[in-house]
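Structure record follows, encoded as structure tokens.
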Amino acid sequence: MAQPKYLTGDTAALNEFLDKFDTFLLDCDGVLWSGDHVFEGVPETIKLLQSKGKRTVFVTNNSTKSRAEYHAKLTSKGIPCQVEDIFGSSYSAAIYIARILKLEPPRNKVFVLGEAGIEIELKSEGIEYVGGTDPAYRKLGMAPEDFEGIASGATLDPNVGVVLAGLDFHVNYYKLAHAHGYLRGNHVSAEDKATAKDGGKALFLATNIDSTLPMYHNFFPGAGSASVVALSNMIGEQPLALGKPSQAMLDAVEGKFQLDRARTCMIGDRLNTDIQFGVQGNLGGTLAVLTGVNKKEDWEKPDAPAVPAYYVDGLSDLRGAASS
1 MAQPKYLTGD TAALNEFLDK FDTFLLDCDG VLWSGDHVFE GVPETIKLLQ SKGKRTVFVT
61 NNSTKSRAEY HAKLTSKGIP CQVEDIFGSS YSAAIYIARI LKLEPPRNKV FVLGEAGIEI
121 ELKSEGIEYV GGTDPAYRKL GMAPEDFEGI ASGATLDPNV GVVLAGLDFH VNYYKLAHAH
181 GYLRGNHVSA EDKATAKDGG KALFLATNID STLPMYHNFF PGAGSASVVA LSNMIGEQPL
241 ALGKPSQAML DAVEGKFQLD RARTCMIGDR LNTDIQFGVQ GNLGGTLAVL TGVNKKEDWE
301 KPDAPAVPAY YVDGLSDLRG AASS
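First residue of the sequence shown? That's 1 in the UniProt record's numbering, and the numbers climb one at a time after it.
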């Protein structure tokens with residue numbers, strides 16, 4: 001397998017790299033910033049790409065924020081973009097549920113294990129939901145009647161057809177028990193179980209399965225190591241994940257932006273999401289930055305999930321092509 005080309009400090013190689021692509025898909029956490037700290041030179045780098053006629057699309061797995069919230073953060077950090085230039089995993093999940101699944105009523109509600117970003121994007125597609133940030137689900141502990149109500153389905157919503165799990169900063173046993181009840185089909189009556197698809201069990205979807213979240217120059221639990229893995233262990237099944245590296249997400253991005261895959265490059269810090277997303281999607285190139293999760297030694301391992309075509313120390317190293 002060809003080794004990635006190191007671009008930092010090589011003006012000729014950087015110019016050649018930029019000339020290959022019309023569109024750059026950019027991850028956010030670990031590439032643009034860590035928490036609220038924007039890496040040095042990032043706003044200027046995005047402006048440089050745009051000045052060269054490149055389209056910049058921000059493709060993030062972080063489901064806690066909506067596109068509008070990401071737009072507010074990007075612009076507040078001096079990074080030029082439009083709401084339409086943002087494609088997050090919450091939006092990807094909402095699009096999939098509304099336009100691909102097209103759930104038939106009455107079982108067309110979504111139980112959310114996640115934050116407001118998911119709820120906002122579901123609303124944008126006209127999808128009803130329960131759970132999420134509802135204070136009633138931020139309950140600590142379980143009373144006997146809670147167990148009984150979930151087991152019998154008496155306290156569950158009979159119209160839930162999907163459990164959508166993302167990063168939830170308020171995950172607790174009470175929420176997980178409800179999600180598990182829907183995935184088991186506890187909310188479906190005995191009469192309906194016989195005719196309902198898969199016995200009426202809710203479909204298990206995830207916004208993303210990232211194991212960690214890069215924040216404040218460190219790493220914290222991601223959706224894949226909290227809510228998603230807990231439910232997966234309970235039911236013995238993996239969800240359909242709609243963030244990177246899901247090709248359903250790339251298909252949606254391609255359709256929305258009408259991009260030419262051969263002239264598109266994915267820029268990210270994580271091999272098993274960002275880089276795998278681009279490799280499996282047959283994009284024209286992938287660029288790894290070393291400011292986030294993975295380092296050079298990770299893709300040199302024989303079991304590396306994906307290997308980038310190029311790498312730089314940080315995104316701002318692309319400014320080395322500005323003089324040409």
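Think of the CB as a built atom: it goes at the ideal place given N, C-alpha and C, for glycine as much as any other residue.
Check, Outcome
"Would you call L140 buried or exposed, if buried means 16 or more other Cβ atoms sit within 10 Å of its Cβ?", "exposed"
"With DSSP run on the structure shown, which of helix, strand or coil describes S34?", "strand"
"Hey, out of N108, A13 and L213, whose CA is closest to A94's CA?", "N108"
"Excluding the 5 residues preceding and the 5 following V163 in the sequence, name in chain order all residues of the same chain whose CB lies nearer than 6 angstroms to its CB.", "F111, A179, Y182, L183, A202 and F204"
"Pick from I209, Y216 and A230: whose alpha carbon is nearest that of G222?", "I209"
"Between which two residues does the alpha helix (DSSP H) holding M249 run?", "Q247 to F257"
"In angstroms with no decimal places, state the Cα-to-Cα distance between A5 and E148.", "According to the sequence shown, residue 5 is Lys rather than Ala. So the two alpha carbons sit approximately 59 angstroms from each other."
"I believe D85 touches T60 by the beta-carbon criterion, under 8 angstroms. Please report the beta-carbon distance rounded to the nearest angstrom.", "Going by Cβ atoms, the distance from D85 to T60 rounds to 12 angstroms, so no, they are not a contact pair."
"Could you work out which residue in A306, F169 and P302 is closest to I275 when comparing CA atoms only?", "A306"
"Tell me, which residues are paired with M215 by DSSP?", "N218"
"With a threshold of 7 angstroms, establish whether the CB of L18 neighbours any heavy atom of the ligand NAD.", "The model on display carries no ligand, and the ligand NAD is accordingly not part of it."
"Could you please give me the residues that DSSP links to A206 through a beta bridge?", "A165 and A241"
"Going by DSSP, what residues sit across from V289 in a beta bridge?", "V312"
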